[in-house]
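Peer 1:
Numbering (the numbering used here), first residue to last: 570 to 1304.
Pasting the structure below:
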């Protein structure tokens, strides 16, 4: 045989160190394609527990060693990973294969190509011999040396035929009857493949296991932490609004076009909150930041940052090709993100749709990377994002809350000469406001079940709006528990924390109370980032505040929250169809009163005026309420304040209580008689009965009091005259 000149290139020679219990360790070389099992059909014969007749198949292709498991699932492992039935895996130096108590260690060695080809020629000699028996180890080693010497001689003299004859002679002389059963190498091409193995030999699955579903879900979570930290902690240092705004404007201008792409039968099933989130400018910015980061990481690292830290990489020899495939895979991920079906193959450890399209094969570089990422990298990322707000530098980076009202009520213009505006400070409802009065508008103060109530009725009595206040909600117990369960509290609300511990009121602590109440009540998908930035990532200590407020209101926790007047008043809308109620919470401290404005559908026009009255008001404390002695002009709100003061035995009775209340109701009844409106009369009669009960409760609390007795007598006379429709009484007893 004429071999010719050979280049002395280095090639990788694979080997196996085989250790069978109670036998010496043996080492063999792997040449191209060999099998291992317990039957004589295998190239490597091992009679040991757990070894099947045809158990493993080793194959070298393009200097890559692979193994195919033919012996069943579960009983063969590479390291700690169990090999699946019929699956093919890539092996590398140091990999340890375990079959029961038998171990196989993969070894590698770089040899010159010339020596490697000599070994291949040696196989041809074995094939020519035509034997099915094993080759003695000693003879094989001696033969290797002889063949190498003969190859050198052949290259120098060019005598290929003489080399073959001498080689065959040497081989025959070295044959011996001492055989080692563990080693028998035959040429792959000279063997007939059993039918039972053909389906595994046709398999093209020569890639290692892909990252599983659980690990990818974890990587998404870590991605969210990274994005949150970069968007809210890093980007504020580099204002990019001017660069992003044109993109946002373009997306919002195509909103209708994008919505039209959704099938009509699916659109009604999409929650309205989802559509709001998608087109919310803040969340569009977050989405753009996320896509930019993902594209950057995929181009630089070949995959997302969390997967890269876990040792995941693309199975590709060309780094440039791997990066291009990663970018395309990332873009496809953005497009198919709403359709989870494309990622479902991960549940059975198969490649995703985007990986198949880009011919990508992601795999782990080694188990050590997974361990380091799970116990070092990932916890470090999570803790850095959570603890960053505690650092002094965070105060300059935290995004301040901005409130956008979700509903604007246009205040009616005051063009009519019959209308005029006066400023009203009302202690009962804790407000300071400007209220427009009409000659045809009745404002009826009352005390219902011990709580202030105001009824507004138009001239014809067909439209009625009630505004009432109930007992305040005491949030002291809920607030005092927060510092015990949230170590962020002292940092996020320092003035309130000092007040709760020492009851020392510093200027600004009430603003911190209001901030907590507002953020807790409005906690949702759209506002979770604001809560974290203002109060930290622990929601649980604050949720009792939300639960107590909604419980006292008798409203579901899903009710809509609307901020009013710079977050000094909270509005909660009801969903009833017949009787509608707007609940208002004036934020004046840890004890919050509940104000209700109740009306029906026919009274919406009048209700809009009353709602404007309250929503344009400012919360006030008792110290801001003027004395009753300084009043120049009385109105229904001041009458209501006097009735409320009457019930508080710790305060003196207003001197003008009986006189001004009598005058106020006398003039209202006289006007009602002129209009001959029966509904107005019924409302006034009900009001007199409620005031009578309130006066009796005040007498019981304060004891016998001449002023209260005279007041009760005069109000009873008014009520009787109204019930009897005694016109003469109103002509003879005008105040």
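Glycine included, every Cβ here is placed at the ideal spot set by N, Cα and C.
Fully enclosed by the stretch 1026-1100, which beta strand (DSSP E) runs are 3 residues long or longer?
Peer 2: Entirely contained in the stretch 1026-1100, the beta strand (DSSP E) runs reaching 3 residues are, in chain order, 1033-1043.
Peer 1: When you measure from the CB of residue 1161 to every non-hydrogen atom of the ligand ZN, does any distance come out below 7 Å?
Peer 2: Judged by which ligands are present, the structure shown has none, so any question about the ligand ZN falls away.
Peer 1: Below 8 Å on the Cβ atoms is my guess for residue 621 versus residue 653; work out the distance and round it to an integer in Å.
Peer 2: Between residue 653 and residue 621 the Cβ distance is about 15 Å, and since that is not below 8 Å, they are no contact.
Peer 1: Please classify residue 1292 as buried or exposed, where buried requires at least 16 neighbouring CB atoms within 10 angstroms.
Peer 2: The residue is exposed, with fewer than 16 neighbouring Cβ atoms inside 10 Å.
Peer 1: Expressed to the nearest angstrom, what Euclidean distance is found between the alpha-carbon atoms of residue 615 and residue 674?
Peer 2: The alpha-carbon atoms of residue 615 and residue 674 are separated by roughly 15 Å.
Peer 1: Exposed or buried, residue 882, counting other C-beta atoms within 10 Å across all chains shown (16 or more means buried)?
Peer 2: Result: buried.
Peer 1: Looking at the unbroken beta strand (DSSP E) that takes in residue 630, where does it start and where does it end?
Peer 2: Note, residue 630: beta strand (DSSP E), 625-630.
Peer 1: On the CB-based measure, 16 or more other CB atoms within 10 Å of its CB, does residue 593 come out buried or exposed?
Peer 2: Answer is exposed; the Cβ neighbour count stays below 16.
Peer 1: Can you say whether residue 1088 is buried or exposed, counting buried as having 16 or more other CB atoms within 10 angstroms of its CB?
Peer 2: Buried, since its Cβ has 16 or more Cβ neighbours within 10 Å.
Peer 1: To the nearest angstrom, how far is it from the Cα of residue 634 to the Cα of residue 659?
Peer 2: Using only the alpha carbons, I get a separation of about 6 Å.
Peer 1: Would you call residue 1037 buried or exposed, if buried means 16 or more other Cβ atoms sit within 10 Å of its Cβ?
Peer 2: By the neighbour-count rule (16 or more Cβ atoms within 10 Å), residue 1037 is buried.
Peer 1: Please name the residue, chosen from 586, 598, 632 and 655, that lies closest to residue 667 on a Cα-to-Cα basis.
Peer 2: Selected option, being the one with the closest Cα: 586.
Peer 1: Look at residue 665 and residue 618 and say whether their C-beta atoms are less than 8 Å apart.
Peer 2: No, these two residues do not count as a Cβ contact at 8 Å.
Peer 1: Based on the DSSP secondary-structure assignment, which residues constitute the bridge partners of residue 785?
Peer 2: Looking at the DSSP assignment, residue 785 forms no beta bridge with any residue, so it has no partner.
Peer 1: Output the distance between the C-alpha atoms of residue 976 and residue 1111, rounded to the nearest integer angstrom.
Peer 2: For residue 976, the predicted structure reports a pLDDT of 37, less than 50, and the residue's modelled location is therefore unreliable. A value from the coordinates is still provided. Each residue's alpha carbon lies about 27 Å from the other.
Peer 1: Could you tell me if residue 1288 is buried or exposed, where buried requires 16 or more neighbouring beta carbons within 10 angstroms of its beta carbon?
Peer 2: It counts as buried.
Peer 1: Leaving out the 5 sequence neighbours to the left and right, which residues in its chain are closer than 8 Å to residue 1296 when beta-carbon positions are compared?
Peer 2: Result list for residue 1296: 1242, in chain order.
Peer 1: According to DSSP, is residue 921 part of a helix, a strand, or is it coil?
Peer 2: Looking at residue 921 - three-state DSSP - the assignment turns out to be coil, as it is neither helix nor strand.
Peer 1: In this structure, does DSSP put residue 620 in helix, strand or coil?
Peer 2: Coil, per DSSP.
Peer 1: Considering only their Cβ atoms, is the gap separating residue 1267 from residue 1211 smaller than 8 Å?
Peer 2: No; because the gap between Cβ atoms is not below 8 Å, this pair is not in contact.
Peer 1: In angstroms with no decimal places, state the Cα-to-Cα distance between residue 853 and residue 834.
Peer 2: Roughly 26 Å between the two C-alpha positions.
Peer 1: Kindly indicate the opening and closing residues of the alpha helix (DSSP H) around residue 1313.
Peer 2: There is no way to answer for residue 1313, as the model of the chain reaches only from 570 to 1304.
Peer 1: CA-CA distance, residue 1299 and residue 1269?
Peer 2: Straight-line Cα distance between these residues: approximately 31 Å.
Peer 1: Quick one: what's got a C-beta closer than 6 Å to residue 1302's C-beta in the same chain, skipping five residues either side?
Peer 2: Closer than 6 Å at the Cβ level, and outside the excluded window around residue 1302, lies no residue.
Peer 1: Keeping to the same chain, check which residues put their C-beta closer than 8 Å to that of residue 596; ignore five residues upstream and five downstream.
Peer 2: Cβ neighbours of residue 596 beyond the five flanking positions: 584, 585, 586, 587 and 676.
Peer 1: Are there 16 or more other CB atoms within 10 angstroms of the CB of residue 1174, so buried, or fewer, so exposed?
Peer 2: Exposed, by the Cβ-count rule.
Peer 1: Within 10 angstroms of its Cβ, does residue 1176 collect 16 or more other Cβ (buried), or is it exposed?
Peer 2: Buried: at least 16 other Cβ atoms inside 10 Å.
Peer 1: By the DSSP assignment, the alpha helix (DSSP H) with residue 951 in it spans what residues?
Peer 2: Here the alpha helix (DSSP H) through residue 951 covers 947-956.
Peer 1: What's the C-alpha gap between residue 1240 and residue 1123?
Peer 2: Whole-angstrom Cα-Cα distance: 38 Å.
Peer 1: With distances taken between CB atoms, is the gap from residue 1023 to residue 1014 smaller than 8 Å?
Peer 2: A contact, by the Cβ cut-off of 8 Å.
Peer 1: Measuring CA to CA, which of 1230, 860, 929 and 844 is closest to residue 890?
Peer 2: The option with the nearest alpha carbon to residue 890 is 929.
Peer 1: State whether the stretch 894-906 contacts the stretch 859-869, with contact taken as three or more CB pairs (one from each stretch) at a distance under 8 Å.
Peer 2: Yes: the two stretches touch, three or more of their Cβ pairs being nearer than 8 Å.
Peer 1: Would you report the Cα separation of residue 939 and residue 802, rounded to the nearest angstrom?
Peer 2: Their Cα atoms are separated by approximately 28 Å.
Peer 1: Can you check which of these residues, 809, 884 and 919, is closest to residue 785 by C-alpha distance?
Peer 2: Closest by alpha carbon: 919.
Peer 1: Which two residues bound the contiguous beta strand (DSSP E) that contains residue 645?
Peer 2: Segment 645-647, the beta strand (DSSP E) holding residue 645.
Peer 1: Should residue 913 go down as buried or exposed, given a rule of 16 or more other Cβ atoms within 10 Å for buried?
Peer 2: The residue in question, residue 913, is exposed, as its Cβ has fewer than 16 Cβ neighbours within 10 Å.
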